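With the working numbering applied, the sequence shown covers 11 to 296. Below is one structure; the comments refer to it alone.
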Amino acid sequence: MRAMPDIWFINLADARERRALIEVQAEALGLDVHRQEACTVADIDDATYRRLSTGWERPMIRPELAAFLSHRRLWERAADSEDGLIVLEDDTVFGTHFPQAAANAAASGFDLVNFETVGRRKFFRKGGGRTVGGVRFTELVREKSGAGAYFVSQNGARALLERADTQAAPVDAFMFGVCRLAMAQVEPAATMQVHLLEERGFDVGLSTQTSIHQPRQRLPLSWANLPYTGRRIGTQLRLALVQARRLADVEFRPAGFDAAAFTAVLPVSRDAMAARIGRYDDQSVS
11 MRAMPDIWFI NLADARERRA LIEVQAEALG LDVHRQEACT VADIDDATYR
61 RLSTGWERPM IRPELAAFLS HRRLWERAAD SEDGLIVLED DTVFGTHFPQ
111 AAANAAASGF DLVNFETVGR RKFFRKGGGR TVGGVRFTEL VREKSGAGAY
161 FVSQNGARAL LERADTQAAP VDAFMFGVCR LAMAQVEPAA TMQVHLLEER
211 GFDVGLSTQT SIHQPRQRLP LSWANLPYTG RRIGTQLRLA LVQARRLADV
261 EFRPAGFDAA AFTAVLPVSR DAMAARIGRY DDQSVS
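Here you go:
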């Protein structure tokens with residue numbers, strides 16, 4: 011039996027409420043989690059930004075690159091671990107079956123396993139995947155979101171790092187598009203981000219917001235933007251091929267979601283989070 015991979019979450023130094031959210035949930039579920047200091051825009055020098063921000067379908071903004079580099083730090087850890095690694099962003103909420111999904115992810119045989127759903131449809135292979143330890147891992151043909159909570163195998167991490175030194179993209183697009191690994195979706199989804207649960211009417215225990223996923227302006231057509239346009243066209247052509255497979259071996263649908271798995275654990279105790287934040291204050295004083 012494979013060991014449960016270590017669980018790491020990415021967290022900015024001043025985002026103490028989010029840190030408490032993860033740690034309080036983990037304690038309630040009997041999970042050990044480790045904190046990875048997030049990369050900030052201040053950590054990115056101009057040379058690094060110029061080298062990595064222009065190789066995708068549009069220029070990346072600095073917060074996107076900071077998020078990418080934060081994940082890359084954990085891919086480096088995963089590449090050194092036979093069991094791979096589970097990576098979380100700090101606005102992740104666990105369903106009741108997350109521990110079971112986490113314990114069986116490495117044994118699924120996939121290099122990239124998405125625990126979360128954002129509610130959008132995605133491309134699944136009809137009849138693809140397997141059930142391990144009572145958890146369904148459904149094979150994905152194409153994905154575009156899922157950096158909030160995922161397992162990456164040692165081989166998967168090494169493949170990501172091989173590309174990450176010279177190329178970057180928003181982390182979801184990089185993992186699921188630029189590096190096309192053998193990937194699966196946990197069904198029903200075992201995690202969801204705070205703001206998406208709030209949109210469904212759940213009281214999570216705190217609210218979050220992000221600037222990374224705000225709408226971007228389209229690039230104007232120009233000679234300077236031709237490389238970006240070419241990459242976008244390439245992506246659309248690959249998407250068209252996947253769409254065509256819906257006539258054969260692919261289905262396009264949302265990931266399964268069990269509201270009861272989240273109702274059972276929400277809201278996260280505000281008192282427990284406040285006590286946890288108080289411990290951070292005590293540690294900083296000492």
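Virtual Cβ for every residue (Gly too), placed ideally from N, Cα, C. In this text the structure is predicted, and so the values were computed from the model without any measurement.
For A36, the nearest candidate out of A23, Q46, F19 and D24 (CA to CA): The residue labelled residue 36 in the question sits at position 26 within the sequence shown. The residue with the shortest Cα to Cα distance from A36 is F19.
Give me the residue from C49, H107 and Q46 with the minimum Cα distance to P198. Residue numbering aside, residue 198 sits at position 188 when the sequence shown is read from its first letter. That would be H107, whose Cα lies nearest to the Cα of P198.
Can A117 and I96 be called in contact, C-beta distance under 8 Å? Translated into the one-based positions of the sequence shown, residue 117 becomes position 107. Translated into the one-based positions of the sequence shown, residue 96 becomes position 86. No; because the gap between Cβ atoms is not below 8 Å, this pair is not in contact.
Beta-ladder partner(s) of I17, from DSSP: Within the sequence shown, the letter at position 7 stands for residue 17. DSSP lists I96 as partners of I17.
Selection from Y160, L98, D281 and D53 that minimises the alpha carbon distance to A76: Position 66 of the sequence shown, counted from the first residue, corresponds to residue 76. Measuring from the Cα of A76, the nearest candidate turns out to be D53.
To which residues does DSSP link Y160 through a beta bridge? Sequence index remark: in the sequence shown, residue 160 carries index 150 (1-based). DSSP output for Y160 lists V97 and N124 as bridge partner(s).
Please go through the segment 37 to 102 and give each complete beta strand (DSSP E) segment of 3 or more residues, from N-terminal end onward. 44 to 47 and 95 to 99
Report yes if the C-beta distance between N21 and A38 is below 8 Å; otherwise report no. Locating residue 21 in the sequence shown gives position 11, where the first residue counts as 1. Locating residue 38 in the sequence shown gives position 28, where the first residue counts as 1. No, they are not a contact pair.
Do V151 and F125 have their beta-carbon atoms positioned less than 8 Å apart in this structure? As a position in the sequence shown, residue 125 is number 115, starting the count at 1. As a position in the sequence shown, residue 151 is number 141, starting the count at 1. For F125 and V151, no; Cβs fall outside 8 Å.
State the DSSP-derived secondary structure class of Q195, mapped to helix, strand or coil. By 1-based counting over the sequence shown, the position of residue 195 is 185. Strand, per DSSP.
Taking a contact to mean a Cβ-Cβ separation below 8 Å, would you say A167 touches G65 in this structure? Indexing the sequence shown from 1 puts residue 167 at position 157. Indexing the sequence shown from 1 puts residue 65 at position 55. It is not a contact, given that the beta carbons lie outside the stated cut-off.
Tell me, to the nearest whole angstrom, how far the beta carbon of L171 is from that of D121; I am working on the premise that it is less than 8 Å. The sequence position of residue 171 within the sequence shown is 161, counting from 1. The sequence position of residue 121 within the sequence shown is 111, counting from 1. A Cβ-Cβ distance of about 13 Å is found for the pair L171 and D121, leaving them out of contact under the 8 Å criterion.
Which residues DSSP lists as bridging E149, in chain order: Sequence index remark: in the sequence shown, residue 149 carries index 139 (1-based). Partner(s): A194.
Look up T273 in the DSSP assignment and say whether it is helix, strand or coil. Locating residue 273 in the sequence shown gives position 263, where the first residue counts as 1. Residue state, collapsed to three classes: helix.
Do you know whose CA, among P180, E33 and L257, lies nearest Q46's CA? Locating residue 46 in the sequence shown gives position 36, where the first residue counts as 1. Just measuring C-alpha positions, the residue of P180, E33 and L257 sitting nearest Q46 is E33.
Indicate whether F104 and A200 have their beta-carbon atoms separated by less than 8 Å. The residue given as residue 104 occupies position 94 in the sequence shown. The residue given as residue 200 occupies position 190 in the sequence shown. Their beta carbons are under 8 Å apart, which means F104 touches A200 by this criterion.
Name the residue from A269, E208, T58 and V196 whose alpha carbon lies nearest to the alpha carbon of T141. Within the sequence shown, residue 141 is the residue found at index 131, counting from 1. It is V196 whose Cα lies nearest to the Cα of T141.
Taking the alpha helix (DSSP H) that F108 belongs to, which residues open and close that run? Working through the sequence shown from its first residue, we reach residue 108 at position 98. Here the alpha helix (DSSP H) through F108 covers F108 to N114.
Could you tell me the distance, in whole angstroms, from the CA atom of F186 to the CA atom of E149? Sequence index remark: in the sequence shown, residue 186 carries index 176 (1-based). Sequence index remark: in the sequence shown, residue 149 carries index 139 (1-based). For F186 and E149, the distance between alpha carbons rounds to 13 Å.
Cα-Cα separation, A169 to D213: Position 159 of the sequence shown holds residue 169. Position 203 of the sequence shown holds residue 213. Each residue's alpha carbon lies about 38 Å from the other.
Determine whether the beta carbon atoms of G215 and P277 lie at a separation below 8 Å. Taking the sequence shown and counting its residues from 1, one reaches residue 215 at position 205. Taking the sequence shown and counting its residues from 1, one reaches residue 277 at position 267. Yes, the pair counts as a contact, with Cβ atoms nearer than the cut-off.
V214 - DSSP class collapsed to helix/strand/coil: In the sequence shown, counting from the first residue as 1, residue 214 sits at position 204. Looking at V214 - three-state DSSP - the assignment turns out to be coil, as it is neither helix nor strand.
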